Amino acid sequence: MVKDNAQLAALGDPTRRRIFELVGTRPRTVAEITRELTVSQSAVSQHLKVLRVSRLVRAEPKGASNVYHIDPVGLGQMRAWLDRFWSNTLAAYKVAVEKSRAD
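Each residue of the sequence shown is one higher than the one before, counting from 1 in UniProt numbering.
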């Protein structure tokens, strides 16, 4: 499950969210990510470290660099946590709709 909100905290930063979105479209190296952003390669590496520690991305060594992918385990944990709220929200919505139809 989402531990200590690390995943949500990691995505709370707009640059990390953008990096996560970029890696979500296809695996990328630090250099590829840096070309898409207005921050230094060092900053991208630091953001990737936070995303890696929170299990949102994983690194795969390839030659002299790493290729970053979405970490399906961490993403699955975050989705499971969010799904709890979604299920409750849908159930409450269903009750509200049924009540309004009865009135």
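Here a beta-carbon is modelled for each residue, glycine too, at the ideal position from N, C-alpha and C.
Just so it is clear, the structure is predicted and the values come from calculations on it, not from any experiment.
Sheet register partners of residue i (DSSP bridge)
{"i": "Ile70", "result": "Val57"}
{"i": "Lys62", "result": "Ser65"}
{"i": "Arg28", "result": "Tyr68"}
Residues near residue i in its chain [Cβ-Cβ closer than 6 Å; skip 5 each side]
{"i": "His47", "result": "Thr15, Arg16 and Ile19"}
{"i": "Val44", "result": "Val30, Ile33 and Thr34"}
{"i": "Val53", "result": "none"}
7 Å CB neighbourhood of residue i in its chain, flanking five on each side removed
{"i": "Leu82", "result": "none"}
Distance between beta carbons of residue j and residue i, contact taken as under 8 Å
{"i": "Ala10", "j": "Leu56", "result": "6 Å"}
Buried or exposed by the 16-neighbour rule on C-beta atoms within 10 Å, applied to residue i
{"i": "Gly74", "result": "buried"}
{"i": "Tyr93", "result": "exposed"}
{"i": "Val23", "result": "buried"}
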